[in-house]
Structure formats: C-alpha cells, structure tokens
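See below for the structure under consideration.
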Amino acid sequence: MRYWLEGPKSGITELVADLPGGCIFCSTIKPALPDKVRINEKGQFWVAIDCCRTAAQEFLTNNPWIRSLYFRLPIRMSLLARVMGVRMYTVISLFNEKGEILEVLEDRKAMVMKLVSEVKEANGKLWIGTVAHNHIATLPYPLAS
1 MRYWLEGPKS GITELVADLP GGCIFCSTIK PALPDKVRIN EKGQFWVAID CCRTAAQEFL
61 TNNPWIRSLY FRLPIRMSLL ARVMGVRMYT VISLFNEKGE ILEVLEDRKA MVMKLVSEVK
121 EANGKLWIGT VAHNHIATLP YPLAS
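Using the UniProt record's numbering, count along the sequence shown one by one with no gaps and you end on 145.
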C-alpha cells in the first residue's frame, strides 16, 4: 500500500503491489507476507518477504497475548521456529514504483540469512537483517552474471 503524505493525492491510500492467492516466490498456496520495505536510489523498493506463513503463525498473529508469552520462552529462536513449522529461508524482492516485480532473490538453503526481515541497498551491496539473529548479512549487488 502507498499512502500519499502531500500533493494532489494527499491522504489517499493506493494498492502498489499485490501477491494474490499465495506466495508466488515459494510456490505454495500460503500467503507471502511483506515485512520491511526500503527504497533505493533509483526509486525502487526492496521488500523482505516472510515466505510462507504457517497456520501456527496465523494463530499467534490473531492472539497477541499468546504471542507475547511465546516469544518470552527461554528457548532459542531457531528451535521455536522449527516447532512452529517456519521455513527458515530468505526471499527478498525488488519492485518498481508501479508494483511490478523486477527481481526476486531466494535463498532456500538459508546460506546467506534465515528469516529475513529487512533489506537495504547501499554502496554496491544488499544489507540483509533479521530480528531472529544478532548479525546482518551483506551480498554484493548487482549480482554477477
């Protein structure tokens, strides 16, 4: 969604990109859920994609008090994710201002980063972060052919 702060469309919300029916990135019928969105110098948008959400995650989303207890458990995040059936791999996508997909980067083996929550393009790299770990990953960008 795009919300206009100023100009002739001030106060208007528009649909920019839609991921209908399921996660087009990971070939499932479960919804893809965008996390953080960051704009690059060209006016394009990098989106971290939570792909794909499980029924257990939906339950936690709809029950915030249980979610609060869940995340306070003294157990490693990777074990909690495994219990919840979370697929620990990265999907990030680049969109233009019209919401068209320009590029999809997917790391099914989670070799670069697991559970990505943010990606920013700067200084010839993608800086990839997550709330699940205490580090960030960098990836040269654009990728070599």
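Note that the Cβ used here is the ideal one computed from N, Cα and C, for glycine as well.
Check	Outcome
Pick from N123, G129, R76 that is closest to P140, judged by C-alpha positions	N123
A56 - containing alpha helix (DSSP H), residue span	55-62
A81 - DSSP class collapsed to helix/strand/coil	helix
For L105, the first and last residue of its enclosing beta strand (DSSP E)	101-107
Those residues which DSSP pairs with I39 across a bridge	F45
Rounded Cβ spacing between S93 and V104 (contact assumed at less than 8 Å)	5 Å
Which of helix, strand or coil DSSP assigns to Y3	strand
Coarse secondary structure for V119, derived from DSSP in three states	strand
7 Å Cβ cutoff met for E106 and V83	no
Under the three-state DSSP convention, the category S93 falls into	strand
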